[in-house]
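Trainee: Before I ask anything, let me first share the structure, which is written out below as structure tokens.
Residue numbers (my numbering), protein chains in the order written: chain A, 22 to 131; chain B, 1227 to 1567.
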């Protein structure tokens, strides 16, 4: 193994089912159902998945959902806005923890 | 990359090991040989001259091209319409407007009572020399199928050239003013979406709803239908795939999305395509790749024989994966409502 991440592994995702086929089938059934058209359109779901992929910094998911968002009719402006939503929530989540830091600092300090 | 030579193009299309030959894929689904199911459209490519050089163009059309259909060949196309009951004449290019015989061709076809479709890039109708053609089309009730890859400027101009989007919007407003695309009018205006790169188009109904809402909200423009068309790996688009290192992945994507239900409904089964020099093809894409009709049937408009042509076996190659992937693709857009086999 010369790298933890290999692009070819994305297509090998189904090997995860080899040792636990029932769990894999349940996961795939759930996964497939989640991305069906519902109260949200398939394009909205692809854009949410793209944003989450960036928040998780999963290169496999970024590859899969960049293509998927394009094939669901999203364009680059919509996709970069989705990434900014992920970035905003991550940075906001970092900053809100600053309140915890301040609370403790206030308690400890004069 | 400039790859005009059809032999070289076919070599590239056949050289991707991961993708089985299209004929084999059809055999496995029991659809081979794919045969014509009757001819309802005479599609005539009146030339490769165009005022644009779009990145997705399978024909490699542009201002530097010189091929243009002669009046004599057009006359023969009209003879075929007169001799048969083929109901639809579908005129494409290049930019059809840049063929000097176009108005006469349309007039004669209308006199024969045929439905006439012109595939326009819109921008040509903004050029001084051709600006009058919008009114001409309206007066002859020509159905317009207009390229507009997206409802935003940046996406469209990246694909078709700087300024194309704003010019297209200006022309669409003029067409609307003439009654094109309006509910109360019989003048049909259909838009064509194609992906801005090496990926499949979305569901037609979904992107049509987006276009309808956004074209009205942003520009006050209406249209009748939106057709999604998959980019076909030929001509300038094949050059892009090679230059960008996307060919293998794109063909694999198309092949992986092969949908037998779409294969049954491909447009080549119901049309015949005439090249600028009168040669006959199964479709405009075969024309781009130099794949003339099966040698068992007439190969030129001079020898047109409806009986044999309407039962001919279709000539297939790996580019055919584009018309059979996902929702399928044709000159009239998607051919099935579900992308699953």
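Where a beta carbon is used, it is the ideal one built from N, C-alpha and C, also for glycine.
If you follow the beta strand (DSSP E) that residue 1369 (chain B) is in, where does it begin and where does it stop?
Mentor: Where residue 1369 (chain B) is concerned, the enclosing beta strand (DSSP E) stretches over 1369-1373.
Trainee: So, with DSSP's three-state summary, where would you put residue 1227 (chain B)?
Mentor: A caution first: residue 1227 (chain B) carries a pLDDT of 48, below 50, which makes its placement in the model unreliable, though a value can still be read off. Three-state DSSP puts residue 1227 (chain B) in coil, outside helix and strand.
Trainee: Report yes or no: do the region 1292-1309 of chain B and the region 1494-1514 of chain B share at least 3 C-beta pairs separated by less than 8 Å?
Mentor: In short, these stretches touch, since the Cβ pair count reaches three.
Trainee: Residue 1227 (chain B): buried (16+ other C-beta within 10 angstroms of its C-beta) or exposed?
Mentor: Low confidence applies to residue 1227 (chain B): its pLDDT is 48, below 50, so where it sits in the model is not reliable, and the reading given next is rough at best. Exposed.
Trainee: Taking one C-beta from the region 1413-1426 of chain B and one from the region 1441-1457 of chain B each time, how about it: are there three or more such pairs within less than 8 Å?
Mentor: Touching, yes.
Trainee: Would a check of beta-carbon distances place residue 1426 (chain B) closer than 8 Å to chain A?
Mentor: So yes, residue 1426 (chain B) belongs to the interface.
Trainee: Between B:1307, B:1321 and B:1397, which lies nearest to residue 1286 (chain B) when the distance is taken from Cα to Cα?
Mentor: Nearest option by C-alpha distance: B:1321.
Trainee: Do we get a CB-CB distance below 8 Å when we pair residue 1421 (chain B) with the residues of chain A?
Mentor: With 8 Å as the cut-off, residue 1421 (chain B) counts as an interface residue toward chain A.
Trainee: Short of 8 Å in beta carbon distance, which residues of its chain neighbour residue 119 (chain A), apart from the five on each side in sequence? Order them along the chain.
Mentor: Excluding residues within five positions, none has a Cβ falling inside 8 Å.
Trainee: Does the pairing of the region 1432-1444 of chain B with the region 103-115 of chain A give three or more beta-carbon distances under 8 Å?
Mentor: No: the two stretches stay apart, fewer than three of their Cβ pairs being nearer than 8 Å.
Trainee: Please compile the residues from chain A whose C-beta is within a distance smaller than 9 Å of the C-beta of residue 1378 (chain B).
Mentor: Simply 96 and 98.
Trainee: For residue 1436 (chain B), which residues in chain A fall below 9 Å Cβ to Cβ?
Mentor: Those are 64 and 94, listed as they occur along chain A.
Trainee: Determine whether the Cβ of residue 88 (chain A) lies closer than 8 Å to any Cβ atom of chain B.
Mentor: Yes, residue 88 (chain A) counts as interfacial toward chain B.
Trainee: Could you check how far apart the C-beta atoms of residue 1542 (chain B) and residue 1236 (chain B) are, in whole angstroms? I think they sit under 8 Å.
Mentor: That belief does not hold up - the Cβ atoms of residue 1542 (chain B) and residue 1236 (chain B) are roughly 12 Å apart, past 8 Å.
Trainee: What residue from B:1337, B:1306 and B:1251 has the CA that sits closest to residue 1535 (chain B)'s CA?
Mentor: Checked all of B:1337, B:1306 and B:1251; the closest Cα to residue 1535 (chain B) is B:1306.
Trainee: DSSP on residue 1499 (chain B), reduced to helix/strand/coil?
Mentor: Reduced to three states, the DSSP call for residue 1499 (chain B) is strand.
Trainee: Tell me the start and end of each unbroken beta strand (DSSP E) in the region 1259-1292 of chain B that is at least 3 residues and wholly inside, in chain order.
Mentor: Fully enclosed beta strand (DSSP E) runs of 3 or longer: 1267-1271.
Trainee: Looking at the structure shown, is residue 1384 (chain B) part of a helix, part of a strand, or coil, going by DSSP?
Mentor: Three-state DSSP puts residue 1384 (chain B) in a helix.
Trainee: If I measure Cβ to Cβ from residue 1406 (chain B) and keep anything under 6 Å in the same chain, skipping five residues before and after, which residues do I get?
Mentor: These residues qualify, in order along the chain: 1413 and 1415.
Trainee: Given a threshold of 16 other Cβ atoms within 10 Å of its Cβ, counted over all protein chains shown, does residue 1357 (chain B) qualify as buried or as exposed?
Mentor: With fewer than 16 Cβ atoms within 10 Å of its Cβ, residue 1357 (chain B) is classed as exposed.
Trainee: Going straight from the alpha carbon of residue 28 (chain A) to that of residue 79 (chain A), what length do you get?
Mentor: Whole-angstrom Cα-Cα distance: 12 Å.
Trainee: Taking DSSP's pairing of strands, which residues face residue 1551 (chain B) in a bridge?
Mentor: Looking at the DSSP assignment, residue 1551 (chain B) forms a beta bridge with B:1484.
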